[in-house]
Amino acid sequence: AMAKAVVPIDRFRQKFGDLDGRAMTEKIAELAAQFLHETAPEKKREAVTK
């Protein structure tokens, strides 16, 4: 499943500065790459009884 995030542009600029289109694209790509490389916590699997 994929998630979609919507970030208000004014909040983005407060946090990362007033970036132009190219710099904003690079920052979002950097954040996405960081997110994808973080390890997810292990989920506990419960036994399934039939």
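Start counting the sequence shown at 762; every next residue gets the next number (our numbering).
Glycine residues also receive a C-beta, built at the ideal position from the N, C-alpha and C atoms.
If you're wondering where the values come from, they're calculated on a predicted model, not measured in any experiment.
Checklist line | For I770 and D781, the rounded distance between their alpha carbons | finding: Here residue 781 refers to the residue found at position 20 of the sequence shown. Here residue 770 refers to the residue found at position 9 of the sequence shown. Taking the straight line joining both Cα atoms gives about 12 angstroms.
Item checked: Nearest-angstrom Cα separation, counted from E803 out to A745 -> Lying outside 762 to 811, the shown extent of the chain, residue 745 is not represented and no answer is given.
Notebook entry, point to check: Looking at F777 and K788, is the spacing between their C-beta atoms short of 8 angstroms?
Noted result: Within the sequence shown, numbered from 1, the residue matching residue 788 stands at position 27. Within the sequence shown, numbered from 1, the residue matching residue 777 stands at position 16. K788 is a Cβ neighbour of F777, given a cutoff of 8 angstroms.
Check: When the Cα atoms are used, what is the spatial distance from R783 to V768?
Finding: The residue you call residue 783 lines up with position 22 of the sequence shown. The residue you call residue 768 lines up with position 7 of the sequence shown. One C-alpha to the other measures close to 17 angstroms.
Note to self: To the nearest angstrom, how far is the alpha carbon of A801 from that of D779?
What the structure shows: Taking the sequence shown and counting its residues from 1, one reaches residue 801 at position 40. Taking the sequence shown and counting its residues from 1, one reaches residue 779 at position 18. Whole-angstrom Cα-Cα distance: 31 angstroms.
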